[in-house]
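Report on one structure; see the data block that follows.
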Amino acid sequence: MVISVLFLLALAFAGITSTVALLEPSVMYFTEKYQYSRFKVTWGLVALIFIVGVVLIFSLHNDYKDTLSFFGKSLFDWLDFASSTIIMPLGGMATFIFMGWVLDKEKVRLSSSHFLSPSLFRVWYFLLKYVTPLIVFSIWVSKIS
C-alpha cells in the first residue's frame, strides 16, 4: 500500500513538472511580447488547457457524444487524428527539408561529425535530403486517404 501511494505521488510530481516544462514557452512568449504578468499568463493558460480538456473528455461521454461529434468522430478523436496523422508527419517533413535543403551542408556535417564518419555522412545526408522525405510523404498520403 505504501509503495502504491509513493508511486502515485511520484507520478503526480512527474506530471506537474512536465506541465511546467510544456507551459514555459507559451508563458515566455506572452510575457515578452505583450508584457503580461507571468502569474496571469500562467493561470490563463492553465484555465484554457483545463477547459479544452474538459470539453474533450465530455466528447467521449455518451450523454454529450452527439453534441460534440463531427462526421462520426468525437472531438478527442479529431484531435488525435490531427496530431498523429497531420501535425507530426508535417513536422518531420519540415525538419528533413530544413536540414537537407535550408541549412548549409557543412554545418550539418559539423554537427554530426562526432557520431558519423565522412563516408557515412554522405550516405546519411543523401538519405536525409532525398529518400526520407519521399518515404515519409508517401506514408503520410497513404494514412490520410
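In this note's numbering, the protein residues as written are 50 to 194. Beta carbons are placed, not taken as given, at the ideal position from N, Cα and C, and that holds for glycine. Please read all numbers here as calculations on a predicted model, not as lab measurements.
Each residue's CA atom was taken as its position, placing L117 and L128 some 12 angstroms apart. DSSP links S123 through a beta bridge to S118.
Per DSSP, the continuous alpha helix (DSSP H) segment holding V54 begins and ends at V51 to Y83. Here S160 carries a helix assignment [DSSP, helix/strand/coil]. By the criterion of a C-beta distance shorter than 8 angstroms, Y174 is surrounded in its chain by G149, K154, V157 and R158, once the five residues flanking it on both sides are discounted. Judged by their CB atoms, F130 and P182 are not nearer to each other than the 9 angstroms cut-off. With respect to the 9 angstroms criterion, S123 and L109 are classified as neighbours on the basis of their beta carbons.
For G141, the closest C-alpha among the options F186, F99 and T91 is that of F186. Distance from the CA atom of L169 to the CA atom of I188, rounded to whole angstroms, is 26 angstroms. Counting other Cβ atoms within 10 Å of its Cβ, L177 reaches 16 or more and is therefore classed as buried. V180 counts as exposed, since fewer than 16 other beta carbons sit within 10 angstroms of its beta carbon.
For the pair S75 and V90, the CB atoms are nearer than the 9 angstroms cut-off.
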